[in-house]
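Q: Structure provided below as structure tokens; questions to follow.
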């Protein structure tokens with residue numbers, strides 16, 4: 000709440016100043032979605048042929064956000080490949096209980112930034128690889 | 002009495018006629034572009050259904066009644082039905098306009114005029130006394146360092162979730178979660194339902210936006226170290242929300258019941274089935290048996306529209322309350 004804000008800090012009230020800013024940002028995204036909707040009237044998302052259990056298509060691809068995982072699974076044994084995402088999610092879930100020391104300087108956050116950048120590059124590379132393969 | 006208000010009555014009539022004309026124009030002018038004629042026979046043949054035993058499950062013929070502005074499609078044509086409708090709605094329109102004009106004229110006679118909304122607020126506050134806590138909540142000062150775009154990412158995720166809820170409800174009005182009808186009902190949404198194609202594409206892209214924003218929000222929190230004491234549980238609830246978002250994507254993907262949906266789900270559930278010890282259990286839970294059948298579609302639909310949304314809303318509430326209580330972490 001407002002307790003952790005010192006009174007001499009430069010601030011604006013949440014209502015109406017800050018909420019207006021947030022509403023403006025949301026409005027622009029809303030306008031973007033409406034434009035997508037208008038485009039959709041003329042180019043709908045569409046459908047592939049109806050599901051047919053007898054006919055396996057040549058290239059089965061999941062949605063882009065599962066592509067990196069899917070690509071990883073191609074080159075890992077099945078059991079390990081299924082365990083990796085579960086273990087990763089578990090580590091991310093309990094991360095704050097192991098990395099609990101408060102930051103002393105901006106150096107630690109820079110280290111985390113580098114780690115995240117490397118991980119994201121790997122993730123994006125896997126996704127692109129999955130997309131083109 | 003009636004003569005006194007003849008100006009208002011005239012105004013009401015003019016409004017009703019104008020609205021009628023506008024409705025007529027839009028009924029004939031606002032046709033949604035149809036990409037392909039829905040092929041219901043193809044969908045039925047693929048599902049292995051030769052003839053529909055229960056005619057109630059069949060979709061209506063893909064034809065628009067040209068007289069939809071006064072007749073419901075397929076309804077017996079007559080003079081009295083539209084006449085009574087026009088009379089009822091016209092009277093309601095006149096009453097509404099009359100009320101509006103009266104309200105405006107009250108502005109001149111009543112000295113301290115209060116808008117209807119604030120009067121409703123006063124009425125509620127007399128009974129529940131929420132004005133003061135609300136005022137305290139709303140007037141919370143937001144320091145300038147918090148007014149940066151990277152603090153918007155979480156709120157934008159919530160915005161996309163709201164869009165998903167809204168468009169999802171709209172789609173659920175027309176979608177039918179059975180292998181016989183799912184494919185044809187989505188064709189129906191895209192070709193026959195007014196703005197159905199727009200709603201579907203918004204649902205499609207807003208889902209992608211939600212995943213992007215949630216990931217970006219998570220990376221922001223991680224890089225800044227905002228997950229550290231005392232905000233550990235907020236991080237846990239946030240990761241749960243991200244997993245729920247991905248579960249939304251997974252379950253929603255099967256619903257169109259086309260080739261891509263069917264085979265992507267086959268692969269995804271196979272991956273879940275490859276887990277040691279609990280693999281088969283997970284596979285049977287997801288597929289309701291060993292194969293993807295009508296029951297799988299029902300289960301994914303129930304997960305997509307009931308279970309996951311409820312969990313998401315609960316965790317979102319906890320997430321918001323915690324951030325409200327603890328505030329945003331100030332970077333060094």
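Chains as they are written, first to last, in the numbering used here: chain F, 0 to 132; chain L, 2 to 333.
A virtual CB, placed ideally from N, CA and C, is assigned to each residue, including glycine.
(1) Ignore the nearest five residues each way along the sequence and tell me which others in residue 90/L's own chain have a CB closer than 7 angstroms to its CB.
(2) What are the boundary residues of the alpha helix (DSSP H) that includes residue 299/L?
(3) Mapping the DSSP letters down to three states, classify residue 11/F as helix, strand or coil.
(4) Can you pull the chain L residues whose beta carbon is under 9 angstroms from the beta carbon of residue 13/F, in chain order?
(5) Give the secondary structure of residue 144/L by DSSP, where H, G and I count as helix, E and B as strand, and everything else as coil.
(6) Could you list the residues in the region 73-99 of chain F with a C-beta less than 8 angstroms from some C-beta on chain L, going in chain order?
(7) With 9 angstroms set as the bound, which would you pick, yes or no: does the beta-carbon of residue 140/F sit closer than that to a beta-carbon of chain L?
(8) Would residue 63/F pass as an interface residue toward chain L - the criterion being a Cβ-Cβ separation below 9 angstroms?
(9) Is it buried or exposed, residue 132/F, if we count other Cβ atoms within 10 angstroms and call 16 or more buried?
(10) What residue ranges within the region 36-104 of chain F form continuous alpha helix (DSSP H) runs of no fewer than 4 residues, ordered along the chain?
(11) Run the CB neighbour count on residue 177/L, radius 10 Å, all protein chains shown included, and call it buried at 16 or more, exposed below.
(12) What residues in its chain sit with their C-beta under 7 angstroms from that of residue 320/L, if we drop five residues either side in the sequence?
(13) I'd like to know if residue 104/L contacts chain F, where contact means its C-beta is closer than 9 angstroms to some C-beta of that chain.
(14) Using a threshold of 9 angstroms, state whether the C-beta atoms of residue 250/L and residue 212/L are closer than that.
(15) Does any CB atom of chain L fall closer than 9 angstroms to the CB of residue 47/F?
(16) CB residue 126/F to CB residue 81/F, shorter than 9 angstroms?
(17) Do residue 220/L and the ligand ZN come close, with the Cβ less than 8 angstroms from some heavy atom?
(18) For residue 132/F, decide whether its Cβ has a neighbour in chain L, counting only Cβ atoms nearer than 9 angstroms.
(19) Below 6 angstroms CB to CB, which residues in the same chain sit around residue 323/L once its five sequence neighbours on both sides are set aside?
(20) Apart from the five residues just before and just after residue 112/F, which ones in its own chain have a Cβ nearer than 6 angstroms to its Cβ?
(21) What does residue 126/L pair with, by DSSP beta-bridge criteria?
(22) Does residue 281/L come within less than 9 angstroms of chain F when only Cβ atoms are used?
(23) Measure the beta-carbon distance from residue 43/F to residue 193/L and round it to whole angstroms, keeping in mind my assumption that it falls under 8 angstroms.
(24) At a CB-CB cut-off below 7 angstroms, which residues of chain F make contact with residue 223/L?
(25) Flag this pair as yes or no: are the beta carbons of residue 17/F and residue 18/L separated by less than 9 angstroms?
(26) Using C-beta distances below 6 angstroms, list every residue in its chain close to residue 297/L, excluding the 5 sequence neighbours before and after it, in chain order.
(27) Fully enclosed by the region 224-289 of chain L, which alpha helix (DSSP H) runs are 4 residues long or longer?
(28) Does residue 20/F get closer than 9 angstroms to chain L when you measure Cβ to Cβ?
A: Once the coordinates are examined:
(1) none
(2) 295-303
(3) strand
(4) 138, 139, 140, 141, 142 and 143
(5) strand
(6) Residues passing the 8 angstroms Cβ filter: 77, 78, 80, 81, 82, 85, 88, 91, 92, 93, 94, 95, 96, 98 and 99.
(7) Any question about residue 140/F goes unanswered here, given that chain F covers just 0 to 132.
(8) Residue 63/F counts as touching chain L.
(9) exposed
(10) 63-73 and 77-97
(11) buried
(12) 235, 238, 239 and 242
(13) no
(14) yes
(15) Yes, its Cβ sits closer than 9 angstroms to a Cβ of chain L.
(16) no
(17) For the ligand ZN, the structure offers nothing, since it holds no ligand at all.
(18) no
(19) 235
(20) The same chain holds no residue with a CB closer than 6 angstroms to that of residue 112/F once the five nearest residues on each side in sequence are set aside.
(21) DSSP lists no partner for residue 126/L.
(22) no
(23) With 8 angstroms as the limit, residue 43/F and residue 193/L do not qualify as a contact, their Cβ atoms being about 12 angstroms apart.
(24) 111 and 115
(25) no
(26) 288 and 289
(27) 233-255, 260-274 and 280-288
(28) Yes, contact with chain L.
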